[in-house]
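Some notes on the structure that comes next.
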């Protein structure tokens with residue numbers, strides 16, 4: 372089953388990291404992606420630009436509007452994702468617990484629902 376691991380963290384914490392520490396974190400994150408790939412769990416991953424670059428789009432009454440994002444006012448913002456394959460939620464939790472960014476924020480795990488499954 373596929374699981375989306377949403378990486379949330381406080382951008383202010385990352386912004387104040389010394390460059391060598393930030394590089395080490397990036398290298399560690401890339402290494403973990405490769406480890407997931409070797410084990411057959413990795414599907415895709417990417418970091419996101421800072422939350423200040425986000426736009427929120429809504430359609431109400433047939434009219435589209437957009438505002439600067441992020442939508443939720445919170446200390447931690449969505450900073451990236453890792454899409455993994457795991458046998459069940461417990462296995463996904465174990466894999467997500469080893470994501471290096473979990474030390475700086477939180478990893479939200481969401482099972483991916485397929486349209487075929489939903490149509491039942």
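Numbering (our numbering), first residue to last: 372 to 491.
Backbone N, C-alpha and C fix where the C-beta goes; we use that ideal spot for every residue, glycine too.
Everything numeric in this text was worked out from a predicted model, so none of it was measured.
Next on the checklist: Using a Cβ-Cβ cutoff of less than 7 Å, which residues in the same chain neighbour residue 384 once the five nearest sequence positions on both sides are dropped?
Outcome noted: 475
Item to check | Sequence-distant residues of the same chain with beta carbon closer than 8 Å to residue 404, five excluded per side | outcome: Counting only Cβ-Cβ distances below 8 Å, and skipping sequence neighbours, we find 413, 416 and 453.
Checklist entry - By the 10 Å Cβ neighbour count, where 16 or more other Cβ atoms means buried, how is residue 429 classified, buried or exposed? => result With fewer than 16 other Cβ atoms within 10 Å, it is exposed.
Next on the checklist: Let me make sure I understand the geometry here. Which of 449, 440, 433 and 391 has the alpha-carbon closest to that of residue 423?
Outcome noted: Considering only alpha carbons, the answer is 440.
Next on the checklist: Quick check: the Cα distance between residue 477 and residue 432, rounded to an integer number of angstroms?
Outcome noted: Roughly 36 Å separates the two Cα atoms.
Next on the checklist: Please return the same chain residues whose Cβ sits closer than 8 Å to the Cβ of residue 470, not counting the five positions on each side in sequence.
Outcome noted: 376, 378, 400, 403, 453 and 478
Item to check | N-terminal and C-terminal residue of the beta strand (DSSP E) that residue 477 is part of | outcome: 476-482
Checklist entry - Just the Cα atoms here: how many angstroms apart are residue 450 and residue 464? => result 19 Å
Checklist entry - Below 7 Å between beta carbons: does that hold for residue 457 and residue 374? => result yes
Checklist entry - Any idea if residue 388 is buried or exposed, counting beta-carbon neighbours within 10 angstroms, 16 or more meaning buried? => result exposed
Item to check | Cα-Cα separation between residue 397 and residue 421, rounded to whole angstroms | outcome: 16 Å
Next on the checklist: Starting from residue 463, trace the alpha helix (DSSP H) in both directions and tell me its first and last residue.
Outcome noted: Residue range 460-467 is occupied by the alpha helix (DSSP H) that includes residue 463.
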